[in-house]
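Colleague: Per my numbering, the sequence shown starts with residue 94, numbered consecutively.
Every residue gets a Cβ at the ideal spot worked out from N, C-alpha and C, and that includes glycine.
Predicted model, so just to flag it, every value in this text is computed and none were measured.
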Amino acid sequence: MKSLTDLTFDNRFARLGDAFSTEVLPEPIAEPRLVVASPAAMALLDLDPAEAECEEFAQLFAGHKLWHEAEPRAMVYSGHQFGVYNPRLGDGRGLLLGEVVNAAGEHWDLHLKGAGQTPYSRMGDGRAVLRSSIREFLASEHLHALGIPTSRALCVTASNTPVWREKKESAAMLLRLARSHVRFGHFEYFYYTRQPEQLKQLGEHVLHCHFPDCLEQEQPYLALFREVVERNAALIAHWQAYGFCHGVMNSDNMSILGITFDYGPYAFLDDFDANHICNHSDDSGRYSFSNQVPIAQWNLAALGQALTAFVEIEALREALGLFLPLYQAHYLDLMRRRLGLTDAAEGDEALIQRLLQLMQGGAVDYTNFFRALGDSAPEQALARLREDFVDLAGFDAWAADYQARCAADDGGQKARRARMRGVNPKYILRNYLAQQVIEAAEQGDYGPVRELHAVLSRPFDEQPGMERYAERPPEWGKHLAISCSS
Ligand code: AMP
Ligand code: MG
């Protein structure tokens, strides 16, 4: 275990130089206090969880202090926002403080979000509000606990520094951890600004630091693209299987590592709705729940375009063609598990599609459905779940087919329940829960956000006494409008 002050830095991205990032010092926020910290994320830096209690902790993660070896820099990138190319984005309100090397030799980027203005802030104030910082914190640590690849969050600090959004709010900072902060948009930036040398430098950096196996291949850049396609197929399969809507799948919000990245107006589905649009500003539904699959492929094509500098277009096209079949295979596998099935059978895809179609017309809580389905023997579970469906004849026909499919498994209900509890969370980060703890935190009460974080860090465990966190949303919590203005 390490103390805060003896972290070891090795700032590889900073060493790429001024074409890639600009030196900027964090602008501290007033009277910082710790809102919440993640012991699991602290462990990634070998930090003792008790360190979060030190005064220095809030000081460091609110921009008041810096490690000697930190080299805070704002990264430049561009990207496609809602399908339209924006030539210059970059870290407008976040800084890469440096890369910490842990005892296992892993590099972790320390990125301070909400650290003030940078050359890439455009019209923005460089700040993040408490509300959005808490939302990113909760989601990062929760998705990780669900087994979904994601950036991580070390802590949130709050302040008295005022920030103007639709109304007056207060500034906060989030410390994000990721093995890399390189986005698809980094490649797009150097490609479209016609800087082939820098594009190559970026590519070599990514290959050496994050995809060393690809360097062994005959065509390292093609191998890299293939790997990114594969990782994204797995990632999006997880999102779709667990009902996660990202909300702003712009190519600058897509990580080269294939992890969930840059949380904004995200949501987990409460009642299943394939067409759900979680981003209040997404008028056309470009980033609706079911569109996430084709949009991920669209973004991969945008990345592929930038890689035409290194690879024949036909080879890239072929690699891109792997996305859908790989996605389908991952998704099927995850959904089979969620249904408690232990093997694959011919009609599984249709069985899953029929279930989702039946859910679509009903009032079925997507998370609780699967948990309840495993908690009793199929016959009893199905009889209880039936009442949430509208097409009862359709449901009965599906239930009969599902039961017949389950009968092929001879492990017994006890094993089935244990298996299903391991993949079907009892607790999910519902928007209304986030909203409740945000309102408390805005009043200075951090108890609720800490408790919710603790519950969501063990989403598959029963956690007696915490059942209220598994409840369906109240009427007010069903249609919360979450916009990009964070
Ligand atoms: P996002 O919607 O958070 O992915 O941000 C899109 C772009 O806008 C990125 O370049 C951000 O750095 C920038 N940005 C977002 N909010 C702010 C802000 N409050 N101040 C400055 N830049 C911002
Ligand atoms: Mg972004």
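Can you say whether Gln53 is buried or exposed, counting buried as having 16 or more other CB atoms within 10 angstroms of its CB?
Modeller: Residue 53 lies beyond the stretch modelled for the chain, which goes from 94 to 579, so this question has no answer here.
Colleague: DSSP state of Phe318, grouped into three classes?
Modeller: Reading the sequence shown from its first residue, position 225 is the one you call residue 318. Reduced to three states, the DSSP call for Phe318 is helix.
Colleague: Can you have a look at Lys206 and say buried or exposed, based on whether 16 or more other CB atoms are within 10 angstroms of its CB?
Modeller: For this step, residue 206 is matched to residue 113 along the sequence shown. Answer is buried; the Cβ neighbour count reaches 16.
Colleague: Who sits around ligand 2, taking every residue whose Cβ is closer than 6 angstroms to one of its heavy atoms?
Modeller: Qualifying residues, in the order they occur: Asp345, Asn346, Asp355.
Colleague: To the nearest angstrom, report how far apart Asp345 and Thr401 are at their CA atoms.
Modeller: What you label residue 345 is simply residue 252 of the sequence shown in a count that begins at 1. What you label residue 401 is simply residue 308 of the sequence shown in a count that begins at 1. If I take the Cα positions, the gap works out to 18 angstroms.
Colleague: Taking three-plus beta-carbon pairs below 8 angstroms as touching, is the region 304-322 in contact with the region 201-216?
Modeller: Too few Cβ pairs lie closer than 8 angstroms, so no.
Colleague: Below 7 angstroms, is the gap between the Cβ of Ala443 and the nearest heavy atom of ligand 3?
Modeller: This structure simply doesn't include ligand 3; it includes ligand 1 and ligand 2 instead.
Colleague: If you run the structure through DSSP and keep just helix, strand and coil, what is Tyr380?
Modeller: For the purposes of this step, residue 380 is taken as residue 287 along the sequence shown, with counting starting at 1. Correct three-state label for Tyr380: coil.
Colleague: Label Trp569 either buried or exposed according to how many other C-beta atoms from any shown protein chain fall within 10 Å of its C-beta, with 16 as the threshold for buried.
Modeller: To locate residue 569, count along the sequence shown from 1; it is residue 476. So Trp569 counts as exposed.
Colleague: Out of Val128, Arg276, Ala251, Ala574, which one is the CA nearest neighbour of Phe354?
Modeller: In the sequence shown, counting from the first residue as 1, residue 354 sits at position 261. The shortest Cα separation from Phe354 among Val128, Arg276, Ala251, Ala574 belongs to Arg276.
Colleague: Can you determine whether any heavy atom of ligand 1 sits closer than 7 angstroms to the C-beta of Arg220, and answer yes or no?
Modeller: Sequence index remark: in the sequence shown, residue 220 carries index 127 (1-based). Under cutoff, so the answer is yes.
Colleague: Let me make sure I understand the geometry here. Which of Ala501, Leu419, Phe106, Ser226 has the alpha-carbon closest to that of His200?
Modeller: Counting from one through the sequence shown, the residue named residue 200 turns up at place 107. Out of Ala501, Leu419, Phe106, Ser226, Phe106 has the C-alpha closest to the C-alpha of His200.
Colleague: So, Gly191 versus Ala232, is the Cβ gap smaller than 8 angstroms?
Modeller: As a working note, residue 191 is residue 98 in the sequence shown. As a working note, residue 232 is residue 139 in the sequence shown. No, Cβ-Cβ distance for Gly191 and Ala232 is not below 8 angstroms.
Colleague: Which complete alpha helix (DSSP H) runs does the region 258-320 hold, if anything under 4 residues is left out?
Modeller: Within the region 258-320, the complete alpha helix (DSSP H) runs of at least 4 residues are 277-285, 289-303, 305-308.
Colleague: Would you list, in sequence order, the uninterrupted alpha helix (DSSP H) runs of no fewer than 4 residues that lie entirely inside the region 142-210?
Modeller: As far as the region 142-210 is concerned, its whole alpha helix (DSSP H) runs of at least 4 residues are 148-153.
Colleague: Expressed to the nearest angstrom, what Euclidean distance is found between the alpha-carbon atoms of Leu159 and Glu405?
Modeller: Stepping through the sequence shown from its first residue, residue 159 is reached at position 66. Stepping through the sequence shown from its first residue, residue 405 is reached at position 312. If I take the Cα positions, the gap works out to 45 angstroms.
Colleague: For His274 and Met168, which I take to be in contact (beta-carbon distance under 8 angstroms), what is that distance rounded to the nearest angstrom?
Modeller: Residue mapping note: residue 274 aligns to position 181 of the sequence shown, counting from 1. Residue mapping note: residue 168 aligns to position 75 of the sequence shown, counting from 1. Yes, they are in contact, since the Cβ atoms of His274 and Met168 sit about 6 angstroms apart, within 8 angstroms.
Colleague: Does DSSP put Asp481 in a helix, a strand or coil?
Modeller: Position 388 of the sequence shown holds residue 481. Of the three classes helix, strand and coil, the one that applies to Asp481 here is helix, per DSSP.
Colleague: Starting from the N-terminal side, write out each stretch of the alpha helix (DSSP H) that is 4 residues or longer and does not extend beyond the region 435-494.
Modeller: Counting whole runs of 4 or more residues, the region 435-494 contains the alpha helix (DSSP H) stretches 441-454, 459-468, 471-478.
Colleague: Going by DSSP, what residue range makes up the beta strand (DSSP E) through Leu127?
Modeller: Looking up residue 127 in the sequence shown gives position 34. Residues 126-130.
Colleague: Less than 7 angstroms separating the Cβ of Arg166 from some heavy atom of ligand 1?
Modeller: Translated into positions along the sequence shown, residue 166 becomes position 73. Arg166 Cβ: outside cutoff for every heavy atom of ligand 1.
Colleague: According to DSSP, Ala399 sits in a beta bridge with which residue or residues?
Modeller: Your numbering for residue 399 matches position 306 in the sequence shown. Per DSSP, none; premise fails for Ala399.
Colleague: Give the range of the alpha helix (DSSP H) segment to which Ser226 is assigned.
Modeller: For the purposes of this step, residue 226 is identified with residue 133 of the sequence shown, where counting begins at 1. Looking at the DSSP string, the run of the alpha helix (DSSP H) that includes Ser226 is 223-239.
Colleague: Return the chain-ordered list of same chain residues with a C-beta closer than 7 angstroms to the C-beta of Ala151, the five sequence neighbours on each side being excluded.
Modeller: Reading the sequence shown from its first residue, position 58 is the one you call residue 151. If we look at Ala151 and ignore the five residues flanking it on each side, its Cβ neighbours are Pro125, Arg126, Leu127, Thr250.
Colleague: Tell me the rounded alpha-carbon separation between Tyr459 and Leu444.
Modeller: Looking up residue 459 in the sequence shown gives position 366. Looking up residue 444 in the sequence shown gives position 351. Computed Cα separation, rounded: 16 angstroms.
Colleague: Could you give the distance in angstroms between the alpha-carbon of Ala394 and the alpha-carbon of Ala334?
Modeller: If you number the sequence shown from 1, residue 394 lands on position 301. If you number the sequence shown from 1, residue 334 lands on position 241. Approximately 23 angstroms between the Cα atoms of the pair.
Colleague: Excluding sequence positions up to five away, which residues of its chain have a Cβ less than 6 angstroms from the Cβ of Cys499?
Modeller: To locate residue 499, count along the sequence shown from 1; it is residue 406. Excluding residues within five positions, the ones whose Cβ falls inside 6 angstroms are Pro471.
Colleague: Confirm, please, whether the CB-CB distance from Cys371 to Tyr356 is below 8 angstroms.
Modeller: Along the sequence shown, read from residue 1 onward, the residue named residue 356 stands at position 263. Along the sequence shown, read from residue 1 onward, the residue named residue 371 stands at position 278. Taking 8 angstroms as the Cβ cut-off, Tyr356 and Cys371 do not qualify as a contacting pair.
Colleague: In the DSSP assignment, find the alpha helix (DSSP H) that holds Glu407 and state where it starts and stops.
Modeller: Sequence index remark: in the sequence shown, residue 407 carries index 314 (1-based). Taken as a continuous stretch (DSSP letters only), the alpha helix (DSSP H) holding Glu407 covers 406-413.
Colleague: Return the CA-CA distance between Leu409 and Leu425, expressed in angstroms with no decimal places.
Modeller: As a first step, residue 409 must be located in the sequence shown, where it is residue number 316. As a first step, residue 425 must be located in the sequence shown, where it is residue number 332. Their Cα atoms are separated by approximately 25 angstroms.
Colleague: Decide yes or no for the touch test of the region 376-390 against the region 329-343: beta carbon pairs closer than 8 angstroms, at least 3 of them.
Modeller: Cβ pair count under 8 angstroms is three or more, so yes.
Colleague: Looking at C-alpha atoms only, which residue of Phe280, Val299, Asp489, Gly414 is the closest neighbour of Leu292?
Modeller: Translated into positions along the sequence shown, residue 292 becomes position 199. Considering only alpha carbons, the answer is Phe280.
Colleague: Should Leu182 and Arg166 be called a contact, given that it needs their Cβ atoms to be closer than 8 angstroms?
Modeller: By one-based count along the sequence shown, residue 182 stands at place 89. By one-based count along the sequence shown, residue 166 stands at place 73. Not a contact, by the Cβ cut-off of 8 angstroms.
Colleague: Are three or more beta carbon pairs between the region 433-441 and the region 499-518 nearer than 8 angstroms?
Modeller: Cβ pair count under 8 angstroms is three or more, so yes.
Colleague: State the DSSP-derived secondary structure class of Leu137, mapped to helix, strand or coil.
Modeller: By one-based count along the sequence shown, residue 137 stands at place 44. Helix at Leu137.
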